[in-house]
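> I'd like to ask you about the structure that follows.
Number of protein chains: 2
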Amino acid sequence: MSAEYQAPTSDYAFLYGEAFGLDIIARATGGELTADDAVDVIEGAGDFAASVLAPLEAVGDREGARLVDGRVQLPEGFVDAYRAFAEAGWITAEAPVSAGGDGLPGAIRAGLGEIWNASNAAFALCGLLTAGQIHALDAVASDDVRETYLSKLVSGEWTGTMNLTEPAAGTDLGAIRTIATPRDDGSWALRGQKIFITWGDHEAAENIVHLVLARTPDAPAGAAGLSLFVVPKFLVNADGAPGARNAVETVALEHKLGIHGSPTCVLSYEDAVGYLAGEIGGGLAGMFVMMNSARIAMGFQATGIADRALQQASAYAAGRMQGRVLGREGAAPIAEHPDVRRLLLSMSTDVYAMRALGVYVADLFDRAEATGDAQVLALAELFVPILKGWATEEAVALTSEGIQVHGGSGFIEETGAAQHYRDARIMPIYEGTTAIQSNDLIGRKVIRGDGATAEALFAQIDETVARLRSADAATPDASAVAARAADRLERGVAAARRATSDILGFASSPRDAHAVSVPYLLLLGVLSGAWMHALAVVAVSGHEQPHADDAARLRAADFYGAHHLPRVHALAETVAAGEIA
Amino acid sequence: MSAEYQAPTSDYAFLYGEAFGLDIIARATGGELTADDAVDVIEGAGDFAASVLAPLEAVGDREGARLVDGRVQLPEGFVDAYRAFAEAGWITAEAPVSAGGDGLPGAIRAGLGEIWNASNAAFALCGLLTAGQIHALDAVASDDVRETYLSKLVSGEWTGTMNLTEPAAGTDLGAIRTIATPRDDGSWALRGQKIFITWGDHEAAENIVHLVLARTPDAPAGAAGLSLFVVPKFLVNADGAPGARNAVETVALEHKLGIHGSPTCVLSYEDAVGYLAGEIGGGLAGMFVMMNSARIAMGFQATGIADRALQQASAYAAGRMQGRVLGREGAAPIAEHPDVRRLLLSMSTDVYAMRALGVYVADLFDRAEATGDAQVLALAELFVPILKGWATEEAVALTSEGIQVHGGSGFIEETGAAQHYRDARIMPIYEGTTAIQSNDLIGRKVIRGDGATAEALFAQIDETVARLRSADAATPDASAVAARAADRLERGVAAARRATSDILGFASSPRDAHAVSVPYLLLLGVLSGAWMHALAVVAVSGHEQPHADDAARLRAADFYGAHHLPRVHALAETVAAGEIA
């Protein structure tokens, strides 16, 4: 009996139109769309999510996906919901124009991603992976593959999956053993077993397109020997319609802690017919397009699951009366108890930080593409592992706070809080564990380039500190918050610079760097969250007349500064220690 | 398919005989028992737990307790296991001599508590609550009640429950509405509904003794109107044997996130016959004896669940090979990957901190009783909310790290890691949420007495800092660790003093104090954990010849100092902020 879902429209209106000092939607679209238009999209998605997807969230958890006589049975309602989702054009909304999609700005897609995941994370994974595959095929596929497969994915008629992991090849993709052998007609025969394949089988769409990493005969060992193949569940007839069943079978579904509604498949390829996507040996590069898309989308999933947990906890705390509330006259709900209020503010200020960073990063990628500016692209790429690693770890902790708000009821499954806690736990694992994100961060994005991109980020934060100090706030309250935010952010960015210099100093003793790479990633995540709140303070300080949400945004920034940001100092101390041998 | 369980015998040998600078078992028993004897008890318990209880842990989770035709059916094997547990004398081992028990030192009972909970937390709750009721009845019950009920509880023939919560009275016990009306024969008739009653019904024992908080007619409103009643499931015949069924019914079992093997009951009292325990209106005081016992036991449960999660993760990481390990020649398991090693050390050093603090606090209560020293008792009582609040919160975070070590397999239920994560989540809620612990801490134990007891703790930590500085360590490694530990602990205790002074400063604005009471509690918990590690460094530094575990204990202290202790600085900054209004 989880709470009703409501899309966070006012936050998106603020992020699109104000938080970054201009209308970022207008900038991204050259004025074709404005923040107001984007909010309309968000509202439409919110309505669809609240009415169609959210009511199925608990059903999906309770029933789960099941394998019956070799066929995957989705939870009650999921098939109809998927069809309605595709027909409403929400898959097409994720696709770029070059692939036949709507080409919406990343900032809008960030909002959509949050909303689908908040209303029903298990369901949302299907569209999330399909969108990732669309981006990958758009980047690497031949015209044939584009015409036959990409168009059907973009229309939402078919769905897509991502096949990397094998029993002996998880984090270490170089160990992949699935073999692709050339066939006479130019296609390939794939043989091997893939595990943990999300939405790997179902009957909501008329076909499923598997994007599979496999090794070609005589390929070099390791990752360089991997190529990418498109393997349809049903072979495609000359007229483009699905025909005979391909030789890929669903051997088992996993029995998981959470996201029960999402079928997690063990797929067996028994000389299944596949088609090369991209160059031979270029599989990892092609898959990386999909992975990158999926990693950013994980930031939106983290925000979504976290916001749903927050909405559940807030609704419970607002409705539950118990005990006299300290310092409050008369009857007050438990939301007013100091520690429940602390938990709710801890959750809501963290959700805002994730949400804002997700929008910021998505917009940054658009700016990088529009301007071709290598430094902007480098900054955007720096943020991918931070967003994925930090937001998913935060979301796990946050869903635990959500349970705590409920007291004993939180431990009872029917309440709904426990589902978020269970669902969230996969996020820091799939699409690359937090350790993998942190290796990417320190290796490719900090040590390579000698910390220049991290320093570019810090310089931007310095600028925000300067703007906080010079802000001519309309109210004394805003002035005080701005001053505190400036002091805290300045100390935070100093800690981040020290930690970065420590990481660079470990360049010749890589175990030291890798032993503290996760703390370093979290440090940059928490600092970025504080930066997002600081930008909100700058925006609010510019208001001549206070807006409705101003007080709440100032309080949120102040709370984040006092409760979340101080972690950077602890993390910096950890980073400085290197490996404890 | 979770890992085999092994009791942490070498840690207990170190804690009993060395860590605190003397044989604390000999001190507690006036030389009747020694640390070696205590280790024998731990080994015996470990064998029983590994062979009888641990194999039922996954069974209990999978089957759960079920209500069939009004009767509670325990998971397969639980009834036999309970009978073997009671017959082996493990319940009697928990009871004081005054109640007919073995009167084992608290430090040994700490170890037993950990072991039962590590091997099977859902099962262990039955004995945990029975032991708590034994302590309560021993303190408040009349001779009649002692003779009829207490003796059967101590023998393990009957089990005990704790009945506080009602649908509208959880944290706020003053709102309890269950009514006890006097009957002609001096007994009472109880009417009302109690929820969340752990092991509230089952058929493993021939009778169940409910200790029930209820309101007498015309009693004053609030907590002062509550009295304590003993209500047996079966009325007791003149010969002491269970007779007719009493009017208490199991209306429902809860469907929970974890501890599925433990029946969590909704009990309905329909003029059930009960017997007063203690004074009319003295119910809360009597129940508090049981609560205090249960809260300390929660520290042991936290250690137990955490250690099991650690054992599971360590076994997996030691056996799983994947990828080349940075800085290691040849094949190495994933346990050697820098970030997996970080996770395992984070877990193991936290488990040691909890385990050591549990033993320390249990021993402190023995010392307080033996000496009658009010300051020692005050220190012991200061630690109850810290141990309960901090250790249970740490255990939740730690079981999450346990899942992370496994990667994708951690999310699959059959692996076993997820059960610990689900089981652990109730601990910061039941027996008083972390907020309740923190209110107790700042209200009764810090602000009352103007911080004197906290200062007594800090003074002891100062002493340890001095001993670290003057330690004449046998190896350069030990010297370096001792020096770092001294510096870190000194900064840590300074942060704790500032935070305490902030809390005292909030005395006139109680919402400020209560809004940061949980961060304050966690600060003292983390600091105490570092103190426990520092005492281990002092003990190890005294070795003329290095012992087998010395290097590991030094590394553990160093790791805790670099990865856990720095949190105190972040928490102190949060405490200083008070409520963000």
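Chains as they are written, first to last, in the UniProt record's numbering: chain A, 1 to 581; chain B, 1 to 581. For glycine and all other residues, C-beta sits at the position ideal for the given N, C-alpha and C. All values reported here derive from a predicted model rather than from experimental measurement.
Determine, using beta carbons only, whether Glu336 (chain A) and Val325 (chain A) come nearer to each other than 7 Å.
In terms of Cβ geometry, Glu336 (chain A) and Val325 (chain A) form a close pair [threshold 7 Å].
> Which bits of chain A does Leu535 (chain B) rub up against, with CB to CB less than 7 Å?
Residues of chain A passing the Cβ test: none, with the nearest at roughly 19 Å.
> Report buried or exposed for Leu257 (chain B), applying the criterion of at least 16 other Cβ atoms within 10 angstroms of its Cβ.
buried
> Between A:Ser227, A:Asp271 and A:Glu4, which has its C-alpha nearest Ala247 (chain A)'s C-alpha?
A:Asp271
> Taking 7 Å as the CB-CB limit, is Ala418 (chain A) close to chain B?
yes
> In chain order, what residues of the same chain have a beta carbon less than 7 Å from the beta carbon of Ser119 (chain B), not counting five sequence neighbours either side?
Tyr5, Ala49, Ala50, Leu53, Ala54 and Glu57
> If the criterion is Cβ atoms closer than 7 Å, does the pair Ser400 (chain A) and Ala473 (chain A) meet it?
No, the Cβ-Cβ distance between Ser400 (chain A) and Ala473 (chain A) is not below 7 Å.
> How is the beta strand (DSSP E) around Pro182 (chain A) delimited, first residue to last?
Ile179 to Pro182
> For His569 (chain A) and Gln301 (chain A), I'd like the C-alpha separation in whole angstroms.
28 Å
> Are the C-beta atoms of Phe559 (chain A) and some chain B residue less than 7 Å apart?
yes
> How about Val540 (chain B): is its C-beta nearer than 7 Å to some C-beta of chain A?
Under the Cβ distance rule, Val540 (chain B) does not count among the residues neighbouring chain A, no pair being separated by less than 7 Å.
> Just how far apart, CA to CA, sit Gly240 (chain A) and Val209 (chain A)?
13 Å
> List the whole-angstrom C-beta distance separating Phe506 (chain A) from Gly578 (chain A), where the pair is believed to meet the contact cut-off of C-beta under 8 Å.
6 Å
> Pull the bridge partners of Arg245 (chain A) from the DSSP assignment, please.
A:Phe234
> Let me know the secondary structure DSSP gives Ile280 (chain A) once reduced to three states.
coil
> Taking the straight line between their C-alpha atoms, what separation do you get for Ala480 (chain B) and Leu554 (chain B)?
10 Å
> Given a cut-off of 7 Å on the beta-carbon distance, is the pair Tyr110 (chain A) and Ala362 (chain A) in contact?
The question names Tyr, but residue 110 (chain A) in the sequence shown is Ala. Closer than 7 Å, so yes.
> Looking at C-beta atoms only, is the number of pairs between the stretch 411-419 of chain B and the stretch 373-386 of chain B that lie closer than 8 Å three or more?
no
> Taking 7 Å as the CB-CB cut-off, is Gly170 (chain A) touching chain B?
yes
> Rounding to the nearest angstrom, what Cα-Cα distance links Ala485 (chain B) and Val516 (chain B) in this structure?
27 Å
> Going by the C-beta, is Gly261 (chain B) closer than 6 Å to any heavy atom of the ligand FMN?
In the structure shown, the ligand FMN is absent, as is every other ligand, since no ligand is present at all.
> Thinking C-beta only, is Lys445 (chain B) closer than 7 Å to Gly299 (chain B)?
Not in contact: Gly299 (chain B) and Lys445 (chain B) (Cβ atoms no closer than 7 Å).
> With a threshold of 7 Å between beta carbons, is Ala4 (chain B) in contact with chain A?
One point to set straight first is that residue 4 (chain B) is Glu, not Ala, in the sequence displayed. Chain A, which has no Cβ nearer than 7 Å to the Cβ of Glu4 (chain B), makes this no.
> Is there a Cβ from chain D that is less than 7 Å from the Cβ of Ala515 (chain B)?
Any reference to chain D falls outside this structure, whose protein chains are A and B.
> Taking CB distances under 7 Å as the criterion, tell me whether Gln312 (chain A) reaches chain B.
no
> Whole angstroms are fine: how far does the CA of Ile334 (chain A) sit from the CA of Arg177 (chain A)?
Straight-line Cα distance between these residues: approximately 55 Å.
> Name the chain B residues whose beta carbon is nearer than 8 Å to that of Phe196 (chain A)?
Gly408
> Going by beta-carbon coordinates alone, are Ile305 (chain A) and Ala121 (chain A) separated by less than 7 Å?
yes
> In terms of residue numbering, what span does the alpha helix (DSSP H) encompassing Phe365 (chain B) cover?
Pro338 to Thr371
> From A:Glu43, A:Ala562 and A:Tyr520, pick the residue whose C-alpha is nearest to that of Thr574 (chain A); which is it?
The option with the nearest alpha carbon to Thr574 (chain A) is A:Tyr520.
> Give a yes or no on whether 7 Å exceeds the smallest Cβ distance from Lys256 (chain A) to chain B.
Judged by the 7 Å Cβ criterion, Lys256 (chain A) is in contact with chain B.
> Within a Cβ cutoff of 7 Å, which residues of the same chain sit near Leu524 (chain A), ignoring the five residues on either side of it in sequence?
Cβ-Cβ distances below 7 Å link Leu524 (chain A) to Ile386 and Ala496 in the same chain, with the five nearest sequence neighbours on each side left out; the list follows chain order.
> Taking DSSP's pairing of strands, which residues face Pro105 (chain B) in a bridge?
Pro105 (chain B) is not bridged by DSSP to any residue.
> Would the stretch 14-30 of chain B and the stretch 531-545 of chain A be scored as touching if the rule is three or more Cβ pairs under 8 Å?
No: the two stretches stay apart, fewer than three of their Cβ pairs being nearer than 8 Å.
> Using a Cβ cut-off of 8 Å, pull out every chain B residue sitting near Ala175 (chain A), in sequence order please.
Gln322 and Gly323
> Within a Cβ cutoff of 8 Å, which residues of the same chain sit near Arg62 (chain B), ignoring the five residues on either side of it in sequence?
Excluding sequence neighbours, Arg62 (chain B) sits near Pro75 and His260.
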